[in-house]
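A quick write-up on the structure given underneath.
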Amino acid sequence: MTKKQSVTTTFPEGFLWGGATAANQIEGAFAEGGKGLSIQDVMPRGIQTPPTEGPTEDNLKLEAIDFYHRYEQDIALFAEMGFKVFRFSIAWSRIFPHGDEETPNEEGLAFYDRVLDELERHGIEPLVTISHYETPLHLARTYNGWTSRELIGFYENYCRALFERYGDRVKYWLTFNEINSVLHEPFLSGGIPTPKEDLSQQDLYQAIHHELVASARATRLAREIAPGAQVGCMIIALPVYPLTPDPTDVVAAMHTAHDSYAFGDIHCRGEYPGYLLRHFRENGIELEITDQDREDLAHTVDFVSFSYYMSICETGDPTKKVKGAGNIMGGIPNPTLQASEWGWQIDPQGLRVVMNDYWERWQKPLFIVENGLGAVDELVEVDGVKTVVDDYRIAYLNDHLVQAREAIADGVDLLGYTTWGCIDLVSASTAQMSKRYGFIYVDRNDDRTGTLERYRKKSFEWYRQVIATNGAALHQGQQ
Ligand code: BGP
34 MTKKQSVTTT
44 FPEGFLWGGA
54 TAANQIEGAF
64 AEGGKGLSIQ
74 DVMPRGIQTP
84 PTEGPTEDNL
94 KLEAIDFYHR
104 YEQDIALFAE
114 MGFKVFRFSI
124 AWSRIFPHGD
134 EETPNEEGLA
144 FYDRVLDELE
154 RHGIEPLVTI
164 SHYETPLHLA
174 RTYNGWTSRE
184 LIGFYENYCR
194 ALFERYGDRV
204 KYWLTFNEIN
214 SVLHEPFLSG
224 GIPTPKEDLS
234 QQDLYQAIHH
244 ELVASARATR
254 LAREIAPGAQ
264 VGCMIIALPV
274 YPLTPDPTDV
284 VAAMHTAHDS
294 YAFGDIHCRG
304 EYPGYLLRHF
314 RENGIELEIT
324 DQDREDLAHT
334 VDFVSFSYYM
344 SICETGDPTK
354 KVKGAGNIMG
364 GIPNPTLQAS
374 EWGWQIDPQG
384 LRVVMNDYWE
394 RWQKPLFIVE
404 NGLGAVDELV
414 EVDGVKTVVD
424 DYRIAYLNDH
434 LVQAREAIAD
444 GVDLLGYTTW
454 GCIDLVSAST
464 AQMSKRYGFI
474 YVDRNDDRTG
484 TLERYRKKSF
494 EWYRQVIATN
504 GAALHQGQQ
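Numbering (the numbering used here), first residue to last: 34 to 512.
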């Protein structure tokens with residue numbers, strides 16, 4: 034990387050401000066337009082309970098927030114906030130209803146044409162996640178998801194269909210959402226129905242290997258079919274702090290950090306890092322890695338994208354190992370931090386730490402593609418207008434953006450920032466509607482009541498100003 038180190042105290046010109054979503058959490062219309070079932074259609078409680086046999090009516094994702102029919106209105110609201118970029122995912126099962134067909138479903142492709150048209154009309158750059166926790170159910174149940182090498186070919190076909198159709202209009206692509214989460218949630222992340230406790234390390238790492246090869250093949254394919262495209266990996270960024278200054282805790286933190294670093298290392302360096310090979314050796318894991326796989330892995334990504342919600346602590350003392358409430362990755366709570374209503378610890382400075390860390394480690398441009406606060410919101414009337422006075426969300430986002438700006442001043446190359454759930458959507462981990470992230474309130478409740486009407490929250494105007502001033506409207510926080 035030869036890019037000159039920047040010394041700046043502001044966001045760069047052309048910085049991509051925007052918001053992020055995923056198909057299964059917003060679209061609804063789960064059986065329209067020729068769409069097949071995805072794993073999400075059988076996850077009415079997110080990761081809290083095992084999947085159901087088929088779709089059940091208590092599954093909020095079946096209708097979600099009806100973006101499938103309301104995308105024009107929603108994109109207009111994003112444009113009103115001044116979005117430069119909108120991150121969304123393509124539902125694999127809209128394009129290949131079962132996942133293993135040879136030809137794509139035209140109706141599915143046409144839907145995303147319309148979404149792209151609308152974004153283009155408003156001058157909003159699309160940022161597309163190819164696979165966001167929505168593996169076609171057929172691939173999960175027939176092949177045991179990514180444990181099967183056959184999924185590489187199916188995914189490659191899917192990517193080919195996307196690059197051929199949208200390659201000239203989509204510049205930024207992400208191959209797999211939060212790819213490192215497969216270690217923790219094999220079904221959600223890898224479409225693997227075998228319960229985690231019955232899954233051997235061998236099978237799990239082989240599945241991961243298949244995903245990594247598929248990701249690299251997508252990168253190679255994008256370069257052939259859509260030469261202007263930029264392909265990024267997407268990982269959960271989770272700074273791991275030692276619980277105490279005891280060197281044993283520091284080493285334990287290093288090991289836990291490696292669990293996530295490995296995914297970035299392979300995507301950026303094109304080969305397995307030594308610490309992971311050692312883990313394989315010492316645990317009797319022997320992966321099937323072909324010469325072709327090695328060649329494929331050498332196609333490294335253009336940028337590194339990540340979600341950032343929290344940091345965790347780690348200890349080498351087994352008596353102190355407790356798993357905190359929190360996102361998919363869990364981790365030991367940090368005694369110095371406060372947590373959200375769902376137990377996710379809030380650590381804006383951790384964002385600066387992780388950005389410096391990734392930049393120094395990989396020297397690839399970074400993209401923050403998820404960050405936000407899931408909270409219970411109350412719809413109230415202010416001057417006759419329905420809204421949510423979400424000062425807590427404004428404070429959260431403000432403090433994280435201030436730290437991102439610090440990291441930029443530290444020399445980090447940051448392409449953009451998309452807040453998670455820019456419009457209220459169904460939660461991934463709990464499948465609740467009441468865990469709201471948006472600038473836009475959606476009238477939809479956990480019991481499936483609600484009109485689906487949209488309302489601007491207080492944070493809507495705040496974000497509009499932040500974007501309009503390219504960050505100058507932020508309030509200085511901790512440094
Ligand atoms: C990430 C996922 C998203 C999203 C977000 C918030 O792990 O990529 O899909 O949902 O976390 O999580 P949750 O919805 O569980 O609050």
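Quick reminder that beta carbons are idealized off the backbone N, C-alpha and C, glycines included. None of these values were measured; they are calculated from a predicted model.
Following a CB-centred definition, is residue i positioned closer than 6 Å to any heavy atom of the ligand BGP?
i    : result
K491 : no
K229 : no
S462 : yes
W453 : yes
K468 : yes
G504 : no
E244 : no
S340 : yes
E328 : no
E211 : yes
A55  : yes
G407 : yes
On the criterion of 16 or more Cβ atoms from any shown chain inside 10 Å, does residue i qualify as buried, or is it exposed?
i    : result
A501 : exposed
H288 : exposed
H332 : buried
Q498 : exposed
K94  : buried
K356 : exposed
L310 : exposed
E319 : exposed
Y450 : buried
K10  : As shown, the chain starts at 34 and ends at 512. That puts residue 10 outside it, with no answer to give.
G307 : exposed
D324 : exposed
T452 : buried
V514 : The structure shown does not extend to residue 514, since the chain is modelled only from 34 to 512, so the question has no answer here.
I322 : exposed
A295 : buried
A240 : buried
Once you ignore the five residues that flank residue i on each side, which residues in its own chain have a CB closer than 6 Å to its CB?
i    : result
Q511 : Its pLDDT being 46, under 50, Q511 is placed unreliably by the model, and the measurement read from it follows with that caveat. Excluding positions up to five away in sequence, the list is empty.
V75  : P84, T85
P381 : D432, H433, Q436
Q371 : I379
A109 : none
I427 : S492, W495
Near residue i, what residues of its chain come up, given a Cβ to Cβ distance below 7 Å and the 5 sequence neighbours on each side ignored?
i    : result
Y24  : Because residue 24 is not part of the residues shown, which for the chain are 34 to 512, the question remains open.
E140 : G66, G67
Starting from the C-beta of residue i, find all residues in its chain whose C-beta is less than 8 Å away, skip the five residues before and the five after it, and write them out in chain order.
i    : result
N478 : M466, S467
Q263 : K204, Y205, W206, D335, F336
Handout entry: Inside the region 316-401 only - alpha helix (DSSP H) runs reaching at least 4 residues
Key = 324-330, 381-395
Problem - Runs of alpha helix (DSSP H) lying entirely within the region 201-283, each at least 4 residues, in chain order - result: 219-223, 234-258
Exercise for the section: Kindly provide the ranges of any alpha helix (DSSP H) runs that are 4 or more residues long and lie completely inside the region 404-478, ordered along the chain. Expected result: 424-442
Practice task
Give a yes or no on contact between the region 191-198 and the region 153-160, applying the rule of three or more CB pairs nearer than 8 Å.
Solution key: no
Exercise for the section: Evaluate contact between the region 158-169 and the region 204-215, counting only Cβ atoms and requiring at least three cross-stretch pairs below 8 Å. Expected result: yes
Problem - Three or more C-beta pairs below 8 Å linking the region 308-315 and the region 396-413 - result: no
Problem - Inter-stretch contact at 8 Å, needing at least 3 Cβ pairs: the region 388-404 / the region 413-427 - result: no
Exercise for the section: Mind the definition here: the region 436-447 touches the region 479-495 only if three or more C-beta pairs lie below 8 Å; say whether that holds. Expected result: no
Practice task
Decide yes or no for the touch test of the region 226-239 against the region 174-182: beta carbon pairs closer than 8 Å, at least 3 of them.
Solution key: yes
Practice task
Would you list, in sequence order, the uninterrupted beta strand (DSSP E) runs of no fewer than 3 residues that lie entirely inside the region 87-153?
Solution key: 118-122
Practice task
Decide yes or no for the touch test of the region 181-188 against the region 143-150: beta carbon pairs closer than 8 Å, at least 3 of them.
Solution key: no
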